[in-house]
Amino acid sequence: MALDHALLVALSEQPASGADLTRRFERSLGFFWSATHQQIYRTLARMEAQDWLTATEVTHTDRPTTKVYAVSPAGRAALAAWLGEPSVTEPSRSDLAVKMRGASFGDRDAVLAVVRDALADHLARLEHYRFLEARDHPDPSALTGLELDQHLVLRGGIRLEEFWVAWLTDYLEAHR
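Everything in the sequence shown is counted per my numbering, starting at 24 for the first residue and increasing by one.
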């Protein structure tokens, strides 16, 4: 997936400025696709030049003028075409898993410290995802359309974090 498609999805949900998109990537989209603000701004400019986006300048009294981007008809067509293409799930590549497997060949205590740090990161992410779910989707049975899709992707993130927490916990408990 190119950053273009992640931005098309985000802007289909709601038109936004580059700064708004950067914040949205930090809060939600970034859990599944990461991008720096420089990458976002470069990609927005290219997508606007390709006529996938329209930009409206918004003047402010207290800060510089900003551009608010929206998906154009050509962008909607490009997104629709991409959504219908087969997806390739990335094979699992984890340097942490390789370190865990190779712990017998080095400093096991150092590997265990790395695993503990990773576990703390995954626990924090899991807690945050559960907070978002409780805050944004208190009654999942009532969701439809876009809100249902957003919730189901968040549930996928929760399940991935639950997997990591369980696996890393198992590893640490086995090496007590």
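Yeah, the Cβ is synthetic: ideal placement off N, Cα and C, and Gly gets one too. Note that the structure is a prediction, hence the values are computed from the model and not measured.
Boundaries (first-last residue) of the alpha helix (DSSP H) holding T89: Careful: T89 lies outside any alpha helix (DSSP H), inside the beta strand (DSSP E) at T89 to V94.
Beta-carbon gap between A78 and Y64 smaller than 8 Å: In this structure, Y64 does not lie closer than 8 Å to A78 by Cβ.
DSSP-derived helix/strand/coil call for E184: E184 falls in the helix class under three-state DSSP.
Three or more C-beta pairs below 8 Å linking the region 188-195 and the region 158-173: The answer is no - the region 158-173 does not touch the region 188-195, with fewer than three Cβ pairs under 8 Å.
Beta-carbon proximity list for I181, same chain, < 6 Å, skipping 5 on both sides: Closer than 6 Å at Cβ, skipping near neighbours: Y152.
E108 - DSSP class collapsed to helix/strand/coil: In this structure, DSSP gives E108 a state outside helix and strand, which the three-state scheme calls coil.
Boundaries (first-last residue) of the alpha helix (DSSP H) holding A143: Boundaries of the alpha helix (DSSP H) harbouring A143: R131 to D159, taken from the DSSP string.
For T45, the first and last residue of its enclosing beta strand (DSSP E): For T45, no beta strand (DSSP E) segment is defined; the enclosing uninterrupted segment is the alpha helix (DSSP H) at G41 to R50.
Where L76 falls: helix, strand or coil (DSSP): In this structure, L76 counts as strand in the three-state DSSP scheme.
Cβ-based neighbour list, S164, same chain, cut-off 8 Å, excluding 5 preceding and 5 following: Excluding residues within five positions, none has a Cβ falling inside 8 Å.
Between the CA atoms of A126 and A29 - distance to the nearest angstrom: Between the C-alpha atoms of A29 and A126 there is a straight-line separation of about 37 Å.
First and last residue of the uninterrupted alpha helix (DSSP H) at H28: Going by DSSP, H28 is part of the alpha helix (DSSP H) stretching over L26 to E36.
Stretch-stretch touch, CB-based, cutoff 8 Å, three pairs: the region 43-61 with the region 69-85: Contact check between the region 43-61 and the region 69-85: fewer than three CB pairs, one atom from each, fall below 8 Å, which does not count as touching.
Length of the line joining the Cα atoms of S110 and L34: Rounded to the nearest whole angstrom, the C-alpha separation of S110 and L34 is 21 Å.
Cutoff 7 Å; reference L166; Cβ partners in own chain excluding five residues on either side: H160 and H174.
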